[in-house]
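Protein chains in written order, with my numbering: chain A, 1 to 476; chain B, 1001 to 1236.
Idealized CB from N, CA, C, for every residue including glycine.
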Ligand code: SF4
């Protein structure tokens, strides 16, 4: 399963990542920065709640009418000369893309960051076919150079690496001779990647939102790499999750605004590009051949169920940036390309409970994620639902509970996370107290204790711990 | 070509608990429309103020001028950015705004290389844009709130001109300024609904290319331009 990014078990990953002090510091400060920026951006817009509600109603409308809009999208893209392939499985998608690559004699493939291509494991498939696949998003490029180190954050994938580590990777792999200054590193990468752009045969991108009325796909980046990937190679392949679609440009605009504000706290990112099929007659750049691959890969099974709202997700990572558990265990612990609260909900649905049943327990159900979500997905409720399903419907023993509790620092006083408690308290309490959840009595606590077999002493400790850190809420 | 659409959509509809609908346009009746009251009460001068403030946040130089001074101002800006080679769109607005002398005489006389995007030259255009120190285009729609120029590419308006050169200058007629992306989206959607063929590539560009992928430090110019300037022109 390509969603998996490690062999370790959740607990081992947690412990390993907790020992990595840099990673933890980096995660915490990035979380803080992205979170603050998001709050600023939301405030600036004014009536943020209204925007969220609008985002939510658009996403719900689209999911409920998905067949109509996908049909319209394909119809309009075909009119513009594009090819559309509907893939029910990862395999089908990969096979089609391999064929397109082969038919075009493609050897060098440039990619702009795309979660769905990670999800279906496309790079591996293409590499097996003898292609060179180059990620062009700076963060992904760094990870790829470093022997396919998996990403740890949706928006900032190389978050767990410091600049010296990045310099070392560049020195080893690219014959880099300068300092670890971010500007120098980035400029060097720019030059290296430019050469690749100019000689690539095929460009592959994801799709933030497709636009049904015009048969377009929309790409959102800060680096401008998606623009280059779709501009220079002769053939372009766009891979989209089937739910990433809007009716018209008007809804596109609303969701892009919610995405950029929630993901990076910007009003808009530097580059937003809409592509409607191949270049036109008389154009000298842009792809001559354009393929859109629409991927199901387990998504339709979520439609019409109590988990449908998870498909509203626009992959902004706001929920990750407020998650106290993510802060302490880091992205790699989730063992999935989708980390944090959204990952804990989505991964078991796409990848099955066999591999990922621990994930719904990697949460305090504190609801910070739900409050942050720009399209109002009730994430903590969905996590809770997972737990019910695992125990009641699947009849599985909730063995992972204790593990997950422990990982969160509730299990044993010797747990490093527990020891680090006071430092993380301020940041952790913010989302809780802000929404008045603590004074509401056992809001989050109740959710925890509803779980069968939750040991009483731990419950006591959790309460003490909460109290103790509530006092220290101002420090950090 | 469309492959496997029917079976795919049948399955989607089945999951939704109904038969497939591919012909009846779903009714969109939104309860919320915050975009209708965001910056919509500003006049053109007030929008320019919004744009000016925003440019400070996105590392973008904003220069204001009149159409009679434009040629001078553009020449000075180009010199400031280190001169040629320059890549520009083939676009009648260069003539309309009185830039022909600058482009065809002044610059060449000073050995500043200027390359106009000519579709018939094919990939050579890309090589020129790649070598260029500065790319210059007009803005088709300008978004005050986010500091964004919207470019409709196609024909003589190559996509690469705003993307490949080291520096980028957008010429912004003041009349192109609208409150925010909402108005651009409405205009594009109107054209689609009217049956027009929209540009196969529309770029919404907000300042220079940047990345925060190294320890969350903002670095400009990762793939696209390192520097960006907007020259706002009081229309004639
Ligand atoms: S669940 Fe919501 S907050 Fe989390 S990534 Fe998706 S849209 Fe963003």
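Bridge-paired residues (DSSP) for residue i
i: residue 1062 of chain B; result: B:1230
i: residue 292 of chain A; result: A:84, A:238
i: residue 1157 of chain B; result: B:1154
i: residue 1003 of chain B; result: A:85
i: residue 273 of chain A; result: A:219, B:1203
i: residue 163 of chain A; result: Bridge partners of residue 163 of chain A: none, in fact.
i: residue 1088 of chain B; result: B:1116, B:1136
i: residue 1094 of chain B; result: Looking at the DSSP assignment, residue 1094 of chain B forms no beta bridge with any residue, so it has no partner.
i: residue 245 of chain A; result: A:210
i: residue 135 of chain A; result: A:111
i: residue 1210 of chain B; result: B:1220
i: residue 204 of chain A; result: A:111, A:237
Residue i: CB within 6 Å of a non-hydrogen atom of ligand 1
i: residue 314 of chain A; result: yes
i: residue 1192 of chain B; result: no
i: residue 318 of chain A; result: yes
i: residue 323 of chain A; result: no
i: residue 506 of chain A; result: In the structure as shown, chain A begins at 1 and stops at 476. Residue 506 of chain A is therefore absent and cannot be evaluated.
i: residue 342 of chain A; result: yes
Per-residue burial, residue i [other beta carbons within 10 Å of its own, 16 or more giving buried]
i: residue 1015 of chain B; result: buried
i: residue 339 of chain A; result: buried
i: residue 1043 of chain B; result: exposed
i: residue 200 of chain A; result: buried
i: residue 1005 of chain B; result: buried
i: residue 224 of chain A; result: buried
i: residue 103 of chain A; result: exposed
i: residue 485 of chain A; result: Missing from the structure shown is residue 485 of chain A; chain A here goes from 1 to 476 and no further.
i: residue 1193 of chain B; result: exposed
i: residue 1034 of chain B; result: buried
i: residue 1125 of chain B; result: buried
i: residue 393 of chain A; result: exposed
i: residue 236 of chain A; result: buried
i: residue 1010 of chain B; result: exposed
i: residue 1019 of chain B; result: exposed
i: residue 296 of chain A; result: buried
i: residue 1111 of chain B; result: exposed
i: residue 1108 of chain B; result: exposed
i: residue 215 of chain A; result: buried
i: residue 1056 of chain B; result: exposed
i: residue 408 of chain A; result: Note that residue 408 of chain A scores 48 on pLDDT, short of 50, meaning its location in the model is unreliable; the coordinates nonetheless yield the value given after this. With 16 or more Cβ atoms within 10 Å of its Cβ, residue 408 of chain A is classed as buried.
Distance cut-off 6 Å: residue i Cβ against heavy atoms of ligand 3
i: residue 1020 of chain B; result: Of the ligands this structure carries, namely ligand 1, none is ligand 3.
Interfacial residues, the segment 1042 to 1059 of chain B to chain A, with Cβ spacing under 9 Å: Taking 9 Å as the Cβ-Cβ cut-off, the segment 1042 to 1059 of chain B approaches chain A at 1054, 1057, 1058, given in chain order.
Can you give me, in chain order, the residues of the segment 189 to 216 of chain A that have a beta carbon less than 9 Å from any beta carbon in chain B? Cβ contacts with chain B come from 189, 190, 193, 194, 197, 198, 211, 213, 214, 216.
Contact set between the segment 258 to 282 of chain A and chain B, restricted to residues whose Cβ is under 8 Å from the partner: Residues passing the 8 Å Cβ filter: 264, 266, 267, 268, 269, 270, 271, 272, 273, 274, 275, 276, 277, 278, 279, 280, 282.
In the segment 1099 to 1166 of chain B, which residue ranges form an unbroken beta strand (DSSP E) of at least 3 residues, counting only runs that do not cross its ends? List check, beta strand (DSSP E) in window: 1114 to 1116, 1134 to 1138, 1141 to 1143, 1148 to 1152.
Would you list, in chain order, the members of the segment 1138 to 1158 of chain B that have their beta-carbon closer than 8 Å to a beta-carbon of chain A? So the list reads 1143, 1145, 1146, 1147, 1148, 1153, 1154, 1155, 1158, given in the order they occur along the chain.
Chain B contacts made by the segment 228 to 242 of chain A, where a contact means CB separation under 8 Å: The segment 228 to 242 of chain A vs chain B, Cβ under 8 Å: 228, 230, 231, 232, 242.
Going residue by residue through the segment 56 to 124 of chain A, where are the continuous alpha helix (DSSP H) segments of at least 4 residues, counting only ones entirely within it? Counting whole runs of 4 or more residues, the segment 56 to 124 of chain A contains the alpha helix (DSSP H) stretches 66 to 79, 90 to 103, 115 to 120.
Complete runs of the beta strand (DSSP E) confined to the segment 1164 to 1194 of chain B [at least 3 residues]: For the segment 1164 to 1194 of chain B, whole beta strand (DSSP E) runs of length 3 or above, ordered along the chain, are 1167 to 1173.
Would you list, in chain order, the members of the segment 1070 to 1087 of chain B that have their beta-carbon closer than 8 Å to a beta-carbon of chain A? Answer in chain order: no residues at all.
Got a sec: which bits of the segment 286 to 300 of chain A sit with their beta carbon under 8 Å from any beta carbon on chain B, in order along the chain? Within the segment 286 to 300 of chain A, those residues whose Cβ lies closer than 8 Å to any Cβ of chain B are, in chain order, 286, 294, 296, 300.
Chain A contacts from the segment 1109 to 1134 of chain B (Cβ-Cβ distance under 9 Å): Closer than 9 Å at the C-beta level to chain A, one finds these residues of the segment 1109 to 1134 of chain B: 1117, 1118, 1119, 1120, 1121, 1122, 1123, 1124, 1125, 1126, 1127, 1129, 1130.
Closer than 7 Å, Cβ to any Cβ of chain A: which residues of the segment 1174 to 1185 of chain B, in chain order? Hits within the stretch, in order: 1181, 1182, 1185.
Using a Cβ-Cβ cut-off of less than 9 Å, give me the residues of the segment 89 to 121 of chain A that come near chain B, in sequence order. Per Cβ criterion, the list reads 92, 96.
Contacting positions in the segment 1192 to 1209 of chain B - beta carbon closer than 9 Å to chain A: Against chain A - using a Cβ distance shorter than 9 Å - the residues of the segment 1192 to 1209 of chain B are 1192, 1193, 1197, 1198, 1199, 1200, 1201, 1202, 1203, 1204, 1205, 1206, 1207, 1208, 1209.
Contained alpha helix (DSSP H) runs [length at least 4] in the segment 1006 to 1083 of chain B, N- to C-terminal order: Correct list: 1044 to 1057, 1070 to 1080.
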